[in-house]
Amino acid sequence: MNLFRKKSVEALLQEAGKKGASLKKELGAFDLTMLGIGAIIGTGIFVLTGVAASEHAGPALVLSFILSGLACVFAALCYAEFASTVPVSGSAYTYSYATFGELIAWILGWDLILEYGVASSAVAAGWSGYFQGLLAGFGIELPKALTSAYDPAKGTYIDVPAIFIVLVIALLLTRGVKKSARFNSIMVIIKVTVVLLFLAVGVWYVKPANWTPFMPFGFSGVATGAATVFFAYIGFDAVSTAAEEVKNPQRNMPIGIIASLLICTVLYIAVSLVLTGIVPYDQLNVKNPVAFALNYIHQDWVAGFISLGAIAGITTVLLVMLYGQTRLFYAISRDGLLPKVFSRVSPVRQVPVVNTWLTCLFAAFFAGVVPLNKLAELTNIGTLFAFITVSIGVLILRKTQPDLKRAFKTPLVPVVPLLAVAFCGYLVLQLPAMTWIGFVSWLLVGLVVYFFYGRRHSTLNGQAHANEKVS
1 MNLFRKKSVE ALLQEAGKKG ASLKKELGAF DLTMLGIGAI IGTGIFVLTG
51 VAASEHAGPA LVLSFILSGL ACVFAALCYA EFASTVPVSG SAYTYSYATF
101 GELIAWILGW DLILEYGVAS SAVAAGWSGY FQGLLAGFGI ELPKALTSAY
151 DPAKGTYIDV PAIFIVLVIA LLLTRGVKKS ARFNSIMVII KVTVVLLFLA
201 VGVWYVKPAN WTPFMPFGFS GVATGAATVF FAYIGFDAVS TAAEEVKNPQ
251 RNMPIGIIAS LLICTVLYIA VSLVLTGIVP YDQLNVKNPV AFALNYIHQD
301 WVAGFISLGA IAGITTVLLV MLYGQTRLFY AISRDGLLPK VFSRVSPVRQ
351 VPVVNTWLTC LFAAFFAGVV PLNKLAELTN IGTLFAFITV SIGVLILRKT
401 QPDLKRAFKT PLVPVVPLLA VAFCGYLVLQ LPAMTWIGFV SWLLVGLVVY
451 FFYGRRHSTL NGQAHANEKV S
């Protein structure tokens, strides 16, 4: 039964407050909302919208975004309750430790390593596409072999721009959380301005005829599209990894999570309508659909600006995903399930510096070598799994610890958590068999790591042995 040993909420809060080992509390509600928008709007609008419209949903892409958005709103309400009740680094991993016990927490932590690591790599590959487009505008072209992930049939071997941007972000993250948040806020303002500019220019070129047929692939296409663009919504969960660095987390965490998700959902719906209204959906299977749409209507001056804004935007997604990954490693390492090097905090900057560099080197390798489309779907399945677990966790914690102090309560329990489970469960079943095989293989590797390393080095294991000696 020690596989399911739990950490109490009190123990988690006490651990996070230890002097010397803790992270610096510097973030407010505005910083969190900007982190959320920074993480959410990026690849989904600038990279995946085209593929989802041309191959899955057609003009009904707007319904795909609404379906995915609903799943996220229900899950976000569950995250908000946990984040305000257990404001500790580690997000869903930490919540599971208190609710389900160590083995489930480890499986979820291992799953989140996949989510953030793979998301970072996929986003870096998308950033590379836009950066090369920008260089091409100045007549600069990189050697073909250095422009994309390993694909000898196309003559590409390594994505150098993707590796470069991951290493730049690593440098920024090691400077301290407030500096990273400030940089993120500036980039988010540029990104949202660019999205609004696209809508303002593009709306005059919308041809309603392009929305017919509205649902060329049927509702199953809309559902598959929803499962694909779901990748566009992950980010609000990354806000919860910042909990330990937030001033007044009980108030600010729910605001940051819910506000960022609502703002982004409205923008997504507007962009998908305008995009499919400008360009016939069957022509949108390109790496940079928003810039392509503007070139299509001969608004080249805006297209150049969009590429610059997209680069700024995708940079923030990468920043927040890599940030989330480092804080996840920090939390798992502090519990003893990963080597202690990941929870070592710099006494000067109060951030995990070694952890940050190791995480970013890992992400840079995958960004430079593994093709983008395979990456995105692995992230989706990992995220959906985490959302389902957190939603069930809210129900369990309400039952097992009804008197626990909750600054924010998920409304309409058990309806909202059950709807989150139903929506996310439906979306996870839409993903291809190969994605499932990859996901299950990753979890099996995780179990091997746990039984050969984590279980023996767990801090709870140390406490259990200490208690045995005392008795």
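Residue numbering for the sequence shown follows the UniProt record's numbering, beginning at 1 and increasing consecutively. C-beta atoms are modelled at their ideal positions from N, C-alpha and C, and glycine is treated no differently. Because the structure is a prediction, the values reported are computed rather than measured.
Give the straight-line distance between the Cα atoms of residue i and residue j, rounded to the nearest whole angstrom.
i           : j    : result
F366        : T356 : 16 Å
S8          : Q14  : 10 Å
K24         : L328 : 16 Å
G137        : I113 : 36 Å
V470        : P161 : Only weak support exists for where V470 lies, its pLDDT of 49 falling under 50; the value from the coordinates is given anyway. C-alpha separation (whole angstroms): 57 Å.
I189        : F452 : 46 Å
T316        : R334 : 27 Å
L395        : V413 : 7 Å
V390        : F164 : 34 Å
S128        : V440 : 29 Å
residue 472 : I66  : Nothing can be reported for residue 472, as the shown portion of the chain is limited to 1 through 471.
I158        : Y296 : 30 Å
V73         : L262 : 8 Å
I40         : V123 : 11 Å
N380        : P432 : 11 Å
residue 545 : D300 : There is no way to answer for residue 545, as the model of the chain reaches only from 1 to 471.
How is residue i classed by DSSP in three states: helix, strand or coil?
i    : result
T174 : coil
D335 : coil
V246 : strand
L13  : helix
T435 : helix
T156 : strand
D151 : strand
V470 : Because the pLDDT at V470 is just 49, under 50, the model does not fix this residue reliably, and the value given afterwards should be weighed accordingly. Three-state DSSP puts V470 in a helix.
R406 : coil
Q401 : coil
T459 : helix
P289 : helix
E377 : helix
S307 : helix
F183 : helix
M321 : helix
V348 : coil
F451 : helix
F219 : helix
When the distance is taken between beta carbons, is residue j closer than 7 Å to residue i?
i    : j    : result
S260 : T33  : yes
K191 : G313 : yes
A420 : C78  : yes
A52  : T228 : yes
V370 : A149 : yes
L310 : Y130 : Correcting the residue type first, residue 310 is Ala in the shown sequence and not Leu. For A310 and Y130, yes; Cβs fall inside 7 Å.
S89  : Y330 : yes
V271 : I257 : no
G133 : S343 : no
S64  : A57  : yes
V290 : E245 : no
G126 : V201 : no
A363 : G117 : yes
G332 : G109 : The question names Gly, but residue 332 in the sequence shown is Ile. Their beta carbons are under 7 Å apart, which means I332 touches G109 by this criterion.
T326 : P347 : no
E115 : G382 : yes
L318 : S121 : no
L427 : F198 : no
S54  : Y281 : yes
A60  : F236 : no
P249 : P87  : yes
Can you round the beta-carbon distance between residue i and residue j to whole angstroms, since I take them to be within the 8 Å contact cut?
i    : j    : result
S185 : L337 : S185 to L337, Cβ: 33 Å. No contact.
G393 : S91  : With a Cβ gap of about 12 Å, G393 and S91 do not count as contacting.
C424 : I169 : C424 to I169, Cβ: 29 Å. No contact.
T276 : Q430 : Contact doesn't hold; Cβ gap of about 20 Å is too wide.
I107 : G446 : 6 Å
P254 : F408 : 4 Å
V206 : V274 : 6 Å
L267 : V195 : 6 Å
Quick check on the DSSP output: the alpha helix (DSSP H) that includes residue i runs from which residue to which?
i    : result
D237 : F236 to V239
V421 : V415 to L429
Y79  : L61 to T85
Q132 : E102 to G137
I37  : A29 to I40
F230 : Taken as a continuous stretch (DSSP letters only), F230 belongs to no alpha helix (DSSP H), as it is neither H nor E.
F362 : V353 to V369
V51  : T49 to A52
T94  : A92 to T99
Would you say residue i faces chain C, with C-beta separation under 7 Å as the test?
i    : result
F230 : In summary, chain C is missing from the structure at hand, where a single protein chain is found.
Under the criterion of a Cβ to heavy atom distance below 6 Å, does residue i qualify as lining the ligand MG?
i    : result
V192 : The ligand MG is not among the ligands present in this structure, which contains no ligands whatsoever.
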